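Quick note on numbering: the working numbering labels position 68 of the sequence shown as 303, and the sequence is numbered without any gaps.
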Amino acid sequence: MSRFVGYAGDVSPEAAWTALASDADARLVDVRTTAEWAYVGLPDLDALGKAPVTVEWKRFPSMAANPGFAEAVASSGVERGAALYFLCRSGVRSRDAAIAMTALGYGPCFNVATGFEGDRDAAGQRGKLGGWKVDGLPWQQG
Numbered sequence: 236m237s238r239f240v241g242y243a244g245d246v247s248p249e250a251a252w253t254a255l256a257s258d259a260d261a262r263l264v265d266v267r268t269t270a271e272w273a274y275v276g277l278p279d280l281d282a283l284g285k286a287p288v289t290v291e292w293k294r295f296p297s298m299a300a301n302p303g304f305a306e307a308v309a310s311s312g313v314e315r316g317a318a319l320y321f322l323c324r325s326g327v328r329s330r331d332a333a334i335a336m337t338a339l340g341y342g343p344c345f346n347v348a349t350g351f352e353g354d355r356d357a358a359g360q361r362g363k364l365g366g367w368k369v370d371g372l373p374w375q376q377g
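Printed below as a string of structure tokens:
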């Protein structure tokens, strides 16, 4: 049986926050780029006594896949069997990362569906419709 069957699916930013708060072993894995962390901001998990795991799924500036992604996540101290919540800008890269880590035997792995910046609005801009920041969850500027 494939481990992909165990991919846990999408959750809202609020559901991820609640799970991170209630499960000491749960971790948030931010898969955005170094530029996004520096210029857009990072989730602030200080109130939970945690910090996000930051590993690029695609490397800036080329946006090529990061061949060392799984190793870097594993070396961050993430335990197999711990709930992992993957976050990117909008929920696309993080979904791919969650599925990949599930296939490697980690998880349950969840995707934070609207990501850090949310969906595009009618003007094509992010940061106004859903996402970690718009949902009022703690974050800090890089």
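Ideal Cβ placement from N, Cα and C applies to all residues, glycine included. All of these numbers come straight from a predicted model, not from anything done at the bench.
Beta-bridge pairing of L319 - partner residues as DSSP gives them: R262 and C344
Extent of the continuous beta strand (DSSP E) to which V246 belongs: G244 to V246
Identity of the residue in R361, R315, R355 and A305 nearest D331 by Cα: A305
Sub-9 angstroms separation of R244 and F351 beta-carbons: Going by the sequence as given, residue 244 is Gly instead of Arg. No, the pair does not count as a contact, with Cβ atoms beyond the cut-off.
Buried versus exposed call for T349 [16 or more other C-beta atoms within 10 Å across all chains shown]: buried
Under the three-state DSSP convention, the category D331 falls into: helix
Reduced DSSP category for R238 - H, G, I as helix; E, B as strand; rest coil: Note that R238 scores 41 on pLDDT, short of 50, meaning its location in the model is unreliable and no value can be drawn from it.
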